[in-house]
């Protein structure tokens, strides 16, 4: 069985996977010997561990930026739609028509109607 790491996995899960692989590849060593060979402190000092940690950090930053951009775009769209509500109501459209046209919930349109 082949396991692949996803970007979401934490370093501890990576250590467990490495330990599992070592157990299968080095069956004559007991758990204590394997843990001694690859203690957490030693593993943290390896370039591989540092690279994996940096990649995970970068991916987290990129995901955060993407989510922030998406949320900003959605908030901007919502603000524009809400700004249009009073004008459309003034033109005589019903609350339901305005909600449908602007892809808003009826309660959002009613709240804007009460606020004006």
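Numbering (our numbering), first residue to last: 31 to 146. The beta carbon of each residue, even a glycine, is placed where N, CA and C say it ideally should be.
{"Check": "Sub-7 Å separation of residue 138 and residue 119 beta-carbons", "Outcome": "no"}
{"Check": "Alpha helix (DSSP H) segments (min. 4 residues) lying fully within the stretch 113-141", "Outcome": "125-132"}
{"Check": "Helix, strand or coil at residue 52 according to DSSP, with G and I counted as helix", "Outcome": "helix"}
{"Check": "Where residue 57 sits in the DSSP three-state scheme", "Outcome": "coil"}
{"Check": "Neighbourhood of residue 46 by C-beta, 8 Å cutoff - its chain only, sequence neighbours within 5 removed", "Outcome": "none"}
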